[in-house]
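K.L.:
Residues 27 to 320 in our numbering are what the sequence shown lists, from first letter to last.
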Amino acid sequence: MTSRSVRKVTESVEQSEGEGDGTTIKRCLGDDVSDIVDPFLMLDEFTVNPPTGFPDHPHRGFELVSYILKGTGQHEDFMGNKGKLKTGDVQWLTAGRGIVHCEWSYGEEKAHGLQLWINLAKDQKMQEPSCQEMLAEDIPRTSKEGIEVKVIAGEAFGIKSTIRTRTPTLYLHFTMNEGTTLNQPIPKGWNAFVHVLSGKALFGPESKEKLVIPTQTAILNAKGDCVIAQNQGSDPCSFILLAGQPLNEPVAQQGPFVMNTEEELHQALEDYKSCINGFERANSWQSNFQQSNS
Ligand code: FE2
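(1) Using 10 angstroms around the beta-carbon of K249, count the other beta-carbons present and answer buried if the total reaches 16, otherwise exposed.
(2) Quick test of your reading: D70 and R53, contact by CB under 8 angstroms. State the CB separation rounded to the nearest angstrom.
(3) Please report the distance separating the alpha-carbon of G44 from that of S60.
(4) State yes or no: is the C-beta of N217 within less than 8 angstroms of the C-beta of D64?
(5) Hey, how far is the Cα of M152 from the Cα of L146?
(6) Excluding the five sequence neighbours on either side, which residues of its own chain have a C-beta within less than 6 angstroms of the C-beta of P76, listed in chain order?
(7) The ligand FE2 heavy atoms versus the CB of L246: any closer than 7 angstroms?
(8) Starting from the N-terminal end, write out each residue whose C-beta falls within a distance shorter than 7 angstroms of any non-hydrogen atom of the ligand FE2.
(9) Bridge partners for H199 per DSSP, in chain order?
(10) So, is I189 buried or exposed, given that buried needs 16 or more other C-beta atoms within 10 angstroms?
(11) By the three-class DSSP mapping on this structure, what secondary structure does Q271 have?
(12) So what's F315 in DSSP terms, helix, strand or just coil?
(13) Count the other CB atoms within 10 Å of the CB of L161; is the residue buried (16 or more) or exposed (fewer)?
(14) Can you give me the C-alpha to C-alpha distance between P276 and E289, rounded to a whole angstrom?
(15) The beta strand (DSSP E) with Y93 in it runs from where to where?
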């Protein structure tokens, strides 16, 4: 097997809209690299101070994956889904033709987590919205030679996730103990990146390794069928590995809408404003969070 090398290391960038009430949003991946990580559009690492959050807002044309690393979050959407997410839980939300939802933190401690946006193919963008939730205890996990993996999507170490992906995606959370080395297969032709949460590790083939630390994201080159990671230092290294089959389609994005053309974007805005073509329920729905804070 040939390890992919690191193409580019990016630093997370704090977003101004996340300021206030102890809330921070660090953009790990954004517009500037979305062409080389297709089908991924964005990765944010957030810290939210209870009881603040993100009031009712729409999405169309892609999927949102929220992963709570610590603390508790709550969500509510206009399809009637509502629930609490605690440490280790995952919500996989397919916005499809339209969703309006609200996300906020509650409890005593700050909620710390990740939100990933995965693009949908043209013929999947206008599907009915849907929501999959995987509680921490239901996420398949196993350990091998000092390395633990949680399989959020796809397969690793011989175990599989039950999450149904529309765009083929591998989403793994590894924790590597001191002195361990990982060799993780990545499907050919898929774009891939890693984001380090704690500790530090070298990624890439021998003599071409790059050190990656927390707040950094390493985008991997397309050539190769696996990635080699080596923990550096005496602390465990925790990181996520994402890989996805590229869509190779034009992307037109404006805020919470991701379509293929400017016309479709304009249509999405009009549909949302007029509460039609998938946004009908936006007319009468308001989350409990919004109601109690307005
Ligand atoms: Fe959202």
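Ideal Cβ placement from N, Cα and C applies to all residues, glycine included.
P.N.:
Once the coordinates are examined:
(1) Its Cβ having fewer than 16 others within 10 Å, K249 is exposed.
(2) That belief holds up - the Cβ atoms of D70 and R53 are roughly 6 angstroms apart, short of 8 angstroms.
(3) Note that G44 scores a pLDDT of 48, beneath 50, so its modelled location is shaky and nothing firm can be said.
(4) In contact: N217 and D64 (Cβ atoms closer than 8 angstroms).
(5) Distance between the alpha carbons of M152 and L146: 9 angstroms.
(6) Taken in chain order, the residues that qualify are S131, Y132, G133.
(7) Outside the cutoff, so no.
(8) Checking every Cβ against the heavy atoms of the ligand FE2 under 7 angstroms gives F80, H83, H85, L90, H127, E129, P282.
(9) DSSP lists K176, I266 as the beta-bridge partner residues of H199.
(10) Under this definition I189 is a buried residue.
(11) Coil, per DSSP.
(12) In the three-state reduction of the DSSP assignment, F315 falls in the helix class, which pools H, G and I.
(13) Per the 10 Å Cβ criterion, exposed.
(14) Here the alpha carbons of E289 and P276 stand approximately 13 angstroms from one another.
(15) Per DSSP, Y93 is one residue of the beta strand (DSSP E) stretching across 88 to 96.
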